[in-house]
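2 protein chains.
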Amino acid sequence: MTRVAVDAMGGDRGPETIVQGLMDALSTREFEALLVGDEAVIGPVLDRYGPHPRVELIHAPHVIGSHEAPSAAVRRKRDSSIGLGLGLQREKKADAFVSAGNTGAVMAFSLLTLGRLKGVSRPAVAAFFPTKKGFSLVLDVGANSDCKALNLLQFAIMGSIYLSYSFNKARPEVALLSMGEEETKGNDLTLAAHDLLRSTELLNFVGNIEGSRILDGVADVVVCDGFVGNAILKFGESIVEYVSETIRESVSSGLKAKLGALMLKSSFQTLVKRMSYEEYGGAPLLGIDGVSFICHGKSKARAIRSAIISTCDYVEERVNEHIREQLAQLSSQDTSRGGTGLCQEGQG
Amino acid sequence: MTRVAVDAMGGDRGPETIVQGLMDALSTREFEALLVGDEAVIGPVLDRYGPHPRVELIHAPHVIGSHEAPSAAVRRKRDSSIGLGLGLQREKKADAFVSAGNTGAVMAFSLLTLGRLKGVSRPAVAAFFPTKKGFSLVLDVGANSDCKALNLLQFAIMGSIYLSYSFNKARPEVALLSMGEEETKGNDLTLAAHDLLRSTELLNFVGNIEGSRILDGVADVVVCDGFVGNAILKFGESIVEYVSETIRESVSSGLKAKLGALMLKSSFQTLVKRMSYEEYGGAPLLGIDGVSFICHGKSKARAIRSAIISTCDYVEERVNEHIREQLAQLSSQDTSRGGTGLCQEGQG
Numbered sequence: 252m253t254r255v256a257v258d259a260m261g262g263d264r265g266p267e268t269i270v271q272g273l274m275d276a277l278s279t280r281e282f283e284a285l286l287v288g289d290e291a292v293i294g295p296v297l298d299r300y301g302p303h304p305r306v307e308l309i310h311a312p313h314v315i316g317s318h319e320a321p322s323a324a325v326r327r328k329r330d331s332s333i334g335l336g337l338g339l340q341r342e343k344k345a346d347a348f349v350s351a352g353n354t355g356a357v358m359a360f361s362l363l364t365l366g367r368l369k370g371v372s373r374p375a376v377a378a379f380f381p382t383k384k385g386f387s388l389v390l391d392v393g394a395n396s397d398c399k400a401l402n403l404l405q406f407a408i409m410g411s412i413y414l415s416y417s418f419n420k421a422r423p424e425v426a427l428l429s430m431g432e433e434e435t436k437g438n439d440l441t442l443a444a445h446d447l448l449r450s451t452e453l454l455n456f457v458g459n460i461e462g463s464r465i466l467d468g469v470a471d472v473v474v475c476d477g478f479v480g481n482a483i484l485k486f487g488e489s490i491v492e493y494v495s496e497t498i499r500e501s502v503s504s505g506l507k508a509k510l511g512a513l514m515l516k517s518s519f520q521t522l523v524k525r526m527s528y529e530e531y532g533g534a535p536l537l538g539i540d541g542v543s544f545i546c547h548g549k550s551k552a553r554a555i556r557s558a559i560i561s562t563c564d565y566v567e568e569r570v571n572e573h574i575r576e577q578l579a580q581l582s583s584q585d586t587s588r589g590g591t592g593l594c595q596e597g598q599g
Numbered sequence: 252m253t254r255v256a257v258d259a260m261g262g263d264r265g266p267e268t269i270v271q272g273l274m275d276a277l278s279t280r281e282f283e284a285l286l287v288g289d290e291a292v293i294g295p296v297l298d299r300y301g302p303h304p305r306v307e308l309i310h311a312p313h314v315i316g317s318h319e320a321p322s323a324a325v326r327r328k329r330d331s332s333i334g335l336g337l338g339l340q341r342e343k344k345a346d347a348f349v350s351a352g353n354t355g356a357v358m359a360f361s362l363l364t365l366g367r368l369k370g371v372s373r374p375a376v377a378a379f380f381p382t383k384k385g386f387s388l389v390l391d392v393g394a395n396s397d398c399k400a401l402n403l404l405q406f407a408i409m410g411s412i413y414l415s416y417s418f419n420k421a422r423p424e425v426a427l428l429s430m431g432e433e434e435t436k437g438n439d440l441t442l443a444a445h446d447l448l449r450s451t452e453l454l455n456f457v458g459n460i461e462g463s464r465i466l467d468g469v470a471d472v473v474v475c476d477g478f479v480g481n482a483i484l485k486f487g488e489s490i491v492e493y494v495s496e497t498i499r500e501s502v503s504s505g506l507k508a509k510l511g512a513l514m515l516k517s518s519f520q521t522l523v524k525r526m527s528y529e530e531y532g533g534a535p536l537l538g539i540d541g542v543s544f545i546c547h548g549k550s551k552a553r554a555i556r557s558a559i560i561s562t563c564d565y566v567e568e569r570v571n572e573h574i575r576e577q578l579a580q581l582s583s584q585d586t587s588r589g590g591t592g593l594c595q596e597g598q599g
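So, in structure tokens, the structure goes:
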């Protein structure tokens, strides 16, 4: 049975939300949970649900705050819920880790504790962006501030495999985020990446897209460097949050507005739901030799539940094995073609 | 009196909208207009308003479509409304140019026809982003897909001067768009740019900001490379458009919803108005040896009017002269310090 370590201390809404999400996941899916966090805090929360045969509490004395510098956390807080939770995979006691805590710390500890998957030059953080058609997986959204073309190629392959196996999507469409849709436009990175993406049959590459087309859902996977991905993710989230807030405010602003809002309730709900990042749970750190899922700090129980179920899918569909295989295939194709040497970058 | 050349053929809403915007501007501001476009199309539109003593029609036989490749347009359509309209500044017949047409073509023709301002290594396209506090000027949003630190420094100076003189803003706050707010975080470009921005007293530099903080209006000027700026501008616009559309749809979806919407009308209007890029008119291409304003293709008459008035401010406040002066000052400071040579980049 898949064993998922869950960071009980991560997330802005506190352990109650995490535990609620976990309990919901346990009621719909077969897996074992290792709930990692401060016993004194989680114990009483767990007690409310009574003992569960598939939940084990793992005490972690330290917590990493959401604004703590990851570099410092990695040095000083190995026995935090994130540090210990990820360590469980190295000790073969868990198959996956989920956290809604400090993203940078999860990334840093994941790399440190689990290392890179064979063949991967740079792991990437993926994020689900809601679109008019459903969602698109965008990566990298923050692990790599400077990228090479090969990194983007690997992001594309990892994202495609993840959607193929975990979401049963046949030949996911991959797009390259660029400036202008023509292949001759973009920056040095995207010009080089365009050629690489087009050159492999492992991908269903549909070409370049501009930022304006992400929301249209023209591709299942959108690749970009982590700096750009981070900027659009954060800017986009801030707009969605602002819209939701303004709608909420206007709804609570007076009797007439309240009545009006009541009449429009379903429209509002559709809008906010469609645009909400919460619906999609967490997304994986792709390219590490293990399984580490990152949830939004504002995740509600529903998002935590989805994320935990997603990690089970990831483990059971053996996504990492498929990534390793396809990257080896890419590398051997490259060698048989005379080798650009590109596919070996960063694998010393 | 300031003479503004107006591209009558640009913009998705057609010449009627441009002419309407121009007439509105003429009624509130003293300036002379040179309306450039196809006589057969604009003549009849102008006739509806009757002859105006401060409007002259300049015939341009060609139009550049919004999806035409700028490189081809520059070669083949010199007698387009954009080509001829910008040419008027070289012939000393106009002081400024405004267009809601093909942005790439306006950029290309501006550079070709007017050239760079002395001391500027790379001109930048600025854009106004609505924020919770008003607006922020973000640049570059598309002229430069790859930038050096010096380019960002010059963008910061040009943006500051523009807001100082055209908007009467004392010591505008300048932020650097980055990944993480700490100065030690970001990509190679922002790490180098951070040091440059901090090192000059010409700027009121407030540090790095993440994409999520733009909307909070924490800075008057936000600098980034054109690739990132373009991505966030386009992605942000698509979200705002989607929200506006969904609200409009829900309002027209049934009697109950209509009634509800009517009751919420002012809330909606505030939201859409606050987030609308149309309110802010056009933004300049900063760093060229002339004045060229770019409006959104979807501009309504109100935006065209604002943009035209903005060009008058730009000309009358002699923004370009101030830019030239401050860049010379920066360059001499650099030389007196032993000179990094950086300030001379690209000025051969």
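Chains as they are written, first to last, in my numbering: chain U, 252 to 599; chain G, 252 to 599. Backbone N, C-alpha and C define an ideal beta-carbon position, used for all residues, glycine too.
query: Just the chain G side, please: which residues come within less than 8 angstroms of U/Leu465 by C-beta, in chain order?; result: The residue you asked about is not Leu; residue 465 of chain U is Ile in the sequence shown. Within chain G, the residues near U/Ile465 are Phe486, Ser489.
query: Buried or exposed for U/Leu506, please, with buried defined as at least 16 other CB atoms from any protein chain shown within 10 angstroms of its CB.; result: exposed
query: Taking Cβ positions only, does G/Asp476 come closer than 9 angstroms to chain U?; result: yes
query: Does any residue of chain U bring its CB to less than 9 angstroms from the CB of G/Ser237?; result: Because chain G here runs from 252 to 599, residue 237 of chain G falls outside it and cannot be looked at.
query: Nearest CA to the CA of G/Ala284: which residue from G/Gly477, G/Ile555, G/Ala359?; result: G/Ile555
query: Taking CB distances under 9 angstroms as the criterion, tell me whether G/Val494 reaches chain U.; result: yes
query: Which residue or residues does DSSP assign as beta-bridge partners of U/Arg367?; result: U/Ile539
query: From G/Gln405 to U/Ala378, what does the alpha carbon distance come to, in whole angstroms?; result: 34 angstroms
query: By the three-class DSSP mapping on this structure, what secondary structure does G/Gly437 have?; result: coil
query: Using beta-carbon positions only, say whether G/Glu488 and G/Gly458 come within less than 9 angstroms of one another.; result: no
query: Within a Cβ cutoff of 7 angstroms, which residues of the same chain sit near U/Ala579, ignoring the five residues on either side of it in sequence?; result: Gly370
query: Between which residues of its own chain and G/Val257 is the CB-CB distance below 6 angstroms, once the five residues before and five after are set aside?; result: Leu273, Ala284, Leu286, Val349
query: Where does the unbroken alpha helix (DSSP H) through U/Ser415 begin, and where does it stop?; result: 400-417
query: Helix, strand or coil for G/His310, going by three-state DSSP, please let me know.; result: strand
query: Flag this pair as yes or no: are the beta carbons of U/Gly410 and U/Val392 separated by less than 9 angstroms?; result: no
query: For U/Leu428, go through chain G and note every residue whose CB falls closer than 7 angstroms to its CB, in chain order.; result: Ala482
query: Which class does U/Gly532 belong to by DSSP, given the choice of helix, strand or coil?; result: coil
query: Indicate the three-state DSSP secondary structure (helix, strand or coil) for U/Ile483 in the structure shown.; result: helix
query: Within its chain, find whatever has a CB closer than 7 angstroms to the CB of G/Ala470; leave out the 5 residues flanking it on each side and keep chain order.; result: Ser387, Glu424, Val425, Ala426, Val457, Ile460
query: When the Cα of U/Leu403 is compared with those of U/Ala444, U/Ala534, U/Gly294, which residue comes out closest?; result: U/Ala444
query: Using the beta-carbon of each residue, which ones in chain G are nearer than 8 angstroms to U/Val479?; result: Phe478, Val479, Ala482
query: Give the interface partners of G/Asp439 over in chain U, defined as CB-CB distance under 9 angstroms, in chain order.; result: Ser396, Asp397
query: Using a Cβ-Cβ cutoff of less than 6 angstroms, which residues in the same chain neighbour U/Cys609 once the five nearest sequence positions on both sides are dropped?; result: Any answer about residue 609 of chain U is impossible in this case: the structure gives chain U only from 252 up to 599.
query: Short of 8 angstroms Cβ to Cβ, which residues in the region 371-398 of chain U face chain C?; result: Although the question refers to chain C, the structure presented lacks it and instead comprises the protein chains U and G.
query: Name the chain G residues whose beta carbon is nearer than 7 angstroms to that of U/Glu434?; result: Under the 7 angstroms cutoff, chain G gives no residues; its nearest Cβ is about 12 angstroms from U/Glu434.
query: Going by beta carbon distance, what residues of the same chain come within less than 7 angstroms of U/Leu466, once the five residues before and after it are set aside?; result: Thr382, Lys383
query: May I ask which residues mark the beginning and end of the alpha helix (DSSP H) holding U/Val296?; result: 290-300
query: Between U/Gly599 and U/Ile315, what straight-line distance do the alpha-carbon atoms span, to the nearest angstrom?; result: With a pLDDT of 31 at U/Gly599, under the threshold of 50, the modelled position of this residue cannot be trusted, and the question is left open.
query: Leaving out five residues on either side along the sequence, give the residues of the same chain with a beta carbon under 6 angstroms from the beta carbon of G/Ala359.; result: Pro321, Val325
query: Classify G/Thr373: buried if its beta carbon has 16 or more other beta carbons within 10 angstroms, exposed otherwise.; result: Residue identity check: residue 373 of chain G is Arg in the sequence provided, not Thr. Buried is the call here.
query: Which of the three DSSP states is assigned to U/Gly597 in this structure?; result: Any reading at U/Gly597 must be qualified, since the residue scores a pLDDT of 42, below 50, and its modelled position is unreliable; no value is offered.
query: Does G/Gly468 come within less than 9 angstroms of chain U when only Cβ atoms are used?; result: no
query: With 9 angstroms as the threshold, decide whether the Cβ of U/Gly355 is near any Cβ in chain G.; result: yes
query: With 16 as the cutoff for other CB atoms within 10 Å, does G/Lys485 come out buried or exposed?; result: buried
query: What are the start and end residues of the alpha helix (DSSP H) that includes U/Ile560?; result: 552-567
query: Cα separation between U/Arg569 and U/Gly385?; result: 24 angstroms
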